[in-house]
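> One structure, as structure tokens, below. Some questions next.
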Amino acid sequence: MRDAPHDRQTAALYRLLSEAAHGGQAKVDALLALMQRTLFVAPWPAGTEGYRTLVNSQGIAALPVFTEREQLEAAARRYGWLAADGSVPAIEIGARQAFHYARAQTLAFVVVDIAAEHGLEVAREELEPLLSPAARRESSGPFAGAGRISSTLMSKVRPHTQTPTPGSIESPIRAATPPPGSLPSARSATGSSPGTIARPPTPASGSSPGTLRRPSGSLLVAPTEPGTVLASAKLGAPVAPIDEALLEALEPVLRAFPEVEWACLGTLDRDPVIGLRVDSRMRQRVEEIASHVATAASPATLPVVLLDDPQDMRAARADALVFYPWRRR
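Under our numbering, the first residue of the sequence shown carries the number 1, and numbering increases by one thereafter.
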């Protein structure tokens with residue numbers, strides 16, 4: 001996938017989406033810009049109506065939408081949405097239609113360009129002003145009524161301290177493919193029948209050598225050992241088997257630090273490491289984050305690689321296992 005936007009319009013939109021993570025007027029501007037566009041969504045396989053969704057471990061469901069086909073293709077490869085022939089099914093629809101769909105299916109979030117650095121989470125209540133009858137009446141032109149809609153949006157968009165930055169939502173776990181005519185929703189979080197959430201089993205105590213083990217007790221405690229922070233580097237694929245329990249245990253640790261944008265499990269010189277992308281403006285607590293990660297991973301050694309270089313970040317997303325904030329297992 002092309003990493004750089006292919007035209008000025010798209011470049012400007014990506015800047016808006018990046019800034020929108022801070023909430024306030026920046027997010028209002030991004031939502032108004034999105035409403036003027038068409039978006040790409042991934043359909044369920046033939047015979048099943050609707051669009052693919054992501055569901056996290058608390059049963060919170062989100063609709064992933066994409067500003068460009070290339071963005072959808074990158075996510076499709078990561079989440080296993082490819083057709084049998086290797087193609088990437090995609091449908092282009094209006095943003096309003098996509099947002100209406102998310103509301104109709106009681107999905108809690110819309111996630112824009114989930115596999116990209118500028119990815120953005122939008123809560124359902126933040127979409128309501130855009131979908132109201134008044135907004136529809138005032139939208140006869142490209143920006144008709146934008147001022148009135150913007151004022152209403154400002155009252156709904158979460159302020160900076162409450163905006164769900166990447167990392168504020170637990171990583172998703174796999175939802176079984178729904179039978180024809182059914183869709184996973186935010187309410188389908190219990191049970192084991194088709195279409196409900198399947199929680200991965202906790203690994204047995206006799207894990208094979210090299211497997212990371214989930215520590216006992218609470219993880220949200222003061223770190224007991226210093227964490228190692230390594231400079232940005234190219235990460236390789238994680239060593240199998242993956243300890244799903246440890247990844248789940250790391251989520252509350254990372255979620256306590258809103259400056260963590262995303263995290264992955266990979267290898268550096270064949271040793272397991274955690275790759276972190278941290279907001280470049282908020283690096284004061286990197287060592288503290290690494291210490292908490294080290295405590296959570298104990299007795300295994302799990303250094304932190306601070307991902308900064310764009311090529312290293314692309315490699316991590318392609319080869320390592322991104323498990324935070326969103327993941328489809």
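Heads up, the beta-carbon is just placed ideally off N, CA and C, and yes, glycines get one too.
The structure displayed is predicted, hence computed values, not measured ones.
Going by CA-CA distance only, name the one from ALA75, GLU49 and LEU82 that's closest to VAL111.
Indexing the sequence shown from 1 puts residue 111 at position 111. Nearest option by C-alpha distance: ALA75.
> If you follow the alpha helix (DSSP H) that LEU72 is in, where does it begin and where does it stop?
In the sequence shown, residue 72 corresponds to position 72, counting from 1. Where LEU72 is concerned, the enclosing alpha helix (DSSP H) stretches over 69-79.
> Are LEU39 and ALA98 touching if we call contact CB-CB under 8 Å?
Within the sequence shown, the letter at position 39 stands for residue 39. Within the sequence shown, the letter at position 98 stands for residue 98. Their beta carbons are under 8 Å apart, which means LEU39 touches ALA98 by this criterion.
> Enumerate in chain order the residues of its own chain whose CB-to-CB distance from ALA237 is below 6 Å, with the five nearest sequence positions on each side excluded.
In the sequence shown, counting from the first residue as 1, residue 237 sits at position 237. Result list for ALA237: ASP319, in chain order.
> Determine the DSSP secondary structure at GLY24, reduced to helix, strand or coil.
Within the sequence shown, residue 24 is the residue found at index 24, counting from 1. If DSSP states are grouped into helix, strand and coil, GLY24 belongs with the helices.
> Assign ALA297 to buried or exposed, taking buried as 16 or more other Cβ atoms, counted over all protein chains shown, within 10 Å of its Cβ.
The residue you call residue 297 lines up with position 297 of the sequence shown. Buried, by the Cβ-count rule.
> Could you give the distance in angstroms between the alpha-carbon of ALA11 and the alpha-carbon of PRO299?
Translated into positions along the sequence shown, residue 11 becomes position 11. Translated into positions along the sequence shown, residue 299 becomes position 299. The alpha-carbon atoms of ALA11 and PRO299 are separated by roughly 45 Å.
> Comparing alpha-carbon positions, which option in LEU302, SER232 and ARG283 lies nearest ASP243?
Walking along the sequence shown from the start, residue 243 turns up at place 243. Answer by Cα proximity: LEU302.
> Pull up the distance between the alpha-carbon of ALA42 and that of TRP81, whole angstroms please.
Taking the sequence shown and counting its residues from 1, the one referred to as residue 42 is at position 42. Taking the sequence shown and counting its residues from 1, the one referred to as residue 81 is at position 81. C-alpha separation (whole angstroms): 8 Å.
> Taking the C-alpha atoms as reference points, what is the distance between ARG317 and ALA115?
Here residue 317 refers to the residue found at position 317 when the sequence shown is read from its first residue. Here residue 115 refers to the residue found at position 115 when the sequence shown is read from its first residue. Roughly 8 Å separates the two Cα atoms.
> For the stretch 240-284, which segments carrying the alpha helix (DSSP H) assignment without a break, of at least 4 residues, lie completely within its bounds, in sequence order?
DSSP runs (the alpha helix (DSSP H)) wholly in the stretch 240-284: 244-255.
> For ALA297, which of helix, strand or coil comes out of DSSP?
Counting from one through the sequence shown, the residue named residue 297 turns up at place 297. Note: ALA297 maps to helix in three-state DSSP.
> Can you check DSSP and say which residues form a bridge with LEU321?
For the purposes of this step, residue 321 is identified with residue 321 of the sequence shown, where counting begins at 1. Bridge partners of LEU321: LEU265.
> Taking just the CA atoms, how far does LEU107 sit from ALA61?
Numbered from its first residue, the sequence shown carries residue 61 at position 61. Numbered from its first residue, the sequence shown carries residue 107 at position 107. Rounded to the nearest whole angstrom, the C-alpha separation of ALA61 and LEU107 is 5 Å.
> On the CB-based measure, 16 or more other CB atoms within 10 Å of its CB, does GLU49 come out buried or exposed?
As a working note, residue 49 is residue 49 in the sequence shown. GLU49 counts as exposed, since fewer than 16 other beta carbons sit within 10 angstroms of its beta carbon.
> Going by beta-carbon coordinates alone, are VAL304 and VAL293 separated by less than 8 Å?
As a working note, residue 304 is residue 304 in the sequence shown. As a working note, residue 293 is residue 293 in the sequence shown. In this structure, VAL293 lies closer than 8 Å to VAL304 by Cβ.
> Closest to GLU68 by CA distance: which of VAL55, GLU261 and ILE93 is it?
Within the sequence shown, numbered from 1, the residue matching residue 68 stands at position 68. With distances taken between Cα atoms, GLU68 lies closest to ILE93.
> What does the alpha-carbon distance come out to for the pair LEU31 and ALA249?
Translated into positions along the sequence shown, residue 31 becomes position 31. Translated into positions along the sequence shown, residue 249 becomes position 249. Between LEU31 and ALA249, the C-alpha separation is close to 33 Å.
> Please state whether DSSP places ILE93 in a helix, a strand or coil.
Numbered from 1 along the sequence shown, position 93 holds the residue referred to as residue 93. DSSP places ILE93 in strand when its eight states are reduced to three.
> Quick test of your reading: LEU276 and LEU235, contact by CB under 8 Å. State the CB separation rounded to the nearest angstrom.
The count along the sequence shown starts at 1 and reaches residue 276 at position 276. The count along the sequence shown starts at 1 and reaches residue 235 at position 235. Between LEU235 and LEU276 the Cβ distance is about 11 Å, and since that is not below 8 Å, they are no contact.
> Report the rounded CA-to-CA distance for PHE109 versus THR53, giving the unit in angstroms.
As a position in the sequence shown, residue 109 is number 109, starting the count at 1. As a position in the sequence shown, residue 53 is number 53, starting the count at 1. Their backbone Cα atoms lie some 10 Å apart in a straight line.
> Would you kindly report the start and end of the unbroken beta strand (DSSP E) that includes GLU121?
On the sequence shown, position 121 is the one that residue 121 refers to. Under the DSSP assignment, GLU121 falls in the beta strand (DSSP E) whose first and last residues are 120-123.
> Taking the CB atoms as reference points, tell me whether LEU16 and ASP7 lie closer together than 8 Å.
Counted from its first residue, the sequence shown places residue 16 at position 16. Counted from its first residue, the sequence shown places residue 7 at position 7. No; because the gap between Cβ atoms is not below 8 Å, this pair is not in contact.
> Am I right that ALA290 and GLY227 are in contact with their C-beta atoms under 8 Å? What's the rounded C-beta distance?
Counted from its first residue, the sequence shown places residue 290 at position 290. Counted from its first residue, the sequence shown places residue 227 at position 227. Correct: roughly 3 Å between the Cβ atoms.
> Should ALA231 go down as buried or exposed, given a rule of 16 or more other Cβ atoms within 10 Å for buried?
If you number the sequence shown from 1, residue 231 lands on position 231. Exposed, because fewer than 16 other Cβ atoms sit within 10 Å of the Cβ of ALA231.
> Give me the residue from PRO258, VAL273, LEU265 and PRO272 with the minimum Cα distance to GLN284.
For the purposes of this step, residue 284 is taken as residue 284 along the sequence shown, with counting starting at 1. When each option's Cα is compared against that of GLN284, the closest is PRO258.
> Between PRO64 and GLU261, what straight-line distance do the alpha-carbon atoms span, to the nearest angstrom?
Locating residue 64 in the sequence shown gives position 64, where the first residue counts as 1. Locating residue 261 in the sequence shown gives position 261, where the first residue counts as 1. Their backbone Cα atoms lie some 17 Å apart in a straight line.
> Nearest to TRP44 by CA position, among ALA245, PRO89, GLU121 and LEU265, is which residue?
As a working note, residue 44 is residue 44 in the sequence shown. Per the Cα distances, PRO89.
> Going by the DSSP bridge assignment, what does ALA62 pair with across the sheet?
Indexing the sequence shown from 1 puts residue 62 at position 62. LEU54 and PHE109.
> Below 8 Å on the Cβ atoms is my guess for LEU246 versus TYR324; work out the distance and round it to an integer in Å.
Locating residue 246 in the sequence shown gives position 246, where the first residue counts as 1. Locating residue 324 in the sequence shown gives position 324, where the first residue counts as 1. At roughly 12 Å, the Cβ-Cβ gap does not stay under 8 Å, so LEU246 and TYR324 are not in contact.
> Out of LEU265, GLY119 and GLU125, state which residue places its alpha-carbon closest to the alpha-carbon of PHE66.
To locate residue 66, count along the sequence shown from 1; it is residue 66. With distances taken between Cα atoms, PHE66 lies closest to GLY119.
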